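Reading through the structure tokens given below for one structure.
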Amino acid sequence: LPPGEFGGPWIDALFANTLDPAAHPYFASIARLRVSAHLLIRRNGDLLQYVPFHCRAWHAGESVYIGRPRCNDFSIGIELEGADSISYDDRQYPVLAAVIRALWEAYPTIRPDRLAGHAEIAPGRKTDPGTAFDWQRLRRLLEEKTV
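So the number in my numbering is just where the residue sits in the sequence shown, counting from 1, plus 505.
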């Protein structure tokens, strides 16, 4: 945050609902949002957890997945620090793959064919991870024996 700018404390503040709308002109338009995620993978590969997996995070908003509404009620929200049209950092992909593998192990009902971006569950409203995200690369990493 803001779009196209990375690093800094702003994502933490957004997820803690303490974002100062006066800190940047863009923040005035999003400071009232009440959002969170289970995990954030920063561009440098650092992994942060904001919400325990057994609790609801507010990452999807109005959403539907395979006919089931309210994705926040049944999904795990993993955010990647990035922008739709800027390539994600090479350090993010192996961390994301490791997280997904760990979730598959801990939660057997999470299946490989059930990975979705916000753009798929809230089309027209959300666009991430966008065209810069390499889904094939992620799937290759997930198919490897070790990540």
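Idealized CB from N, CA, C, for every residue including glycine. All values derive from a computational prediction rather than experimental measurement.
{"Item": "Is Leu538 buried or exposed, if buried means 16 or more other CB atoms sit within 10 Å of its CB?", "Value": "exposed"}
{"Item": "Rounded to whole angstroms, what's the CA-CA distance from Asp618 to Arg596? Just pull it up for me.", "Value": "23 Å"}
{"Item": "Buried or exposed for Tyr612, please, with buried defined as at least 16 other CB atoms from any protein chain shown within 10 angstroms of its CB.", "Value": "exposed"}
{"Item": "Could you pull the start and end residues of the alpha helix (DSSP H) that Ile583 belongs to?", "Value": "Here Ile583 belongs to no alpha helix (DSSP H); instead the beta strand (DSSP E) covers Ile583 to Leu585."}
{"Item": "Take Leu524 and list the residues in its own chain whose beta-carbon comes closer than 6 Å to its own, dropping the five residues that flank it on each side.", "Value": "Ala518, Phe532 and Ala536"}
{"Item": "Quick one: residues in its chain with C-beta nearer than 6 Å to the C-beta of Val556, no 5 flanking neighbours on either side, listed in chain order?", "Value": "Ser541, His543 and Ala562"}
{"Item": "By how many angstroms is the C-alpha of Phe579 removed from the C-alpha of Thr614?", "Value": "11 Å"}
{"Item": "What is the residue span of the beta strand (DSSP E) that Ile546 lies within?", "Value": "Leu544 to Ile546"}
{"Item": "Helix, strand or coil, according to DSSP, for Val540 in the structure here?", "Value": "coil"}
{"Item": "Three-state secondary structure (DSSP) at Leu553?", "Value": "strand"}
{"Item": "Quick check: the Cα distance between Arg642 and Asp594, rounded to an integer number of angstroms?", "Value": "12 Å"}
{"Item": "Leaving out five residues on either side along the sequence, give the residues of the same chain with a beta carbon under 7 Å from the beta carbon of Pro530.", "Value": "none"}
{"Item": "What does the alpha-carbon distance come out to for the pair Ile571 and Asn577?", "Value": "14 Å"}
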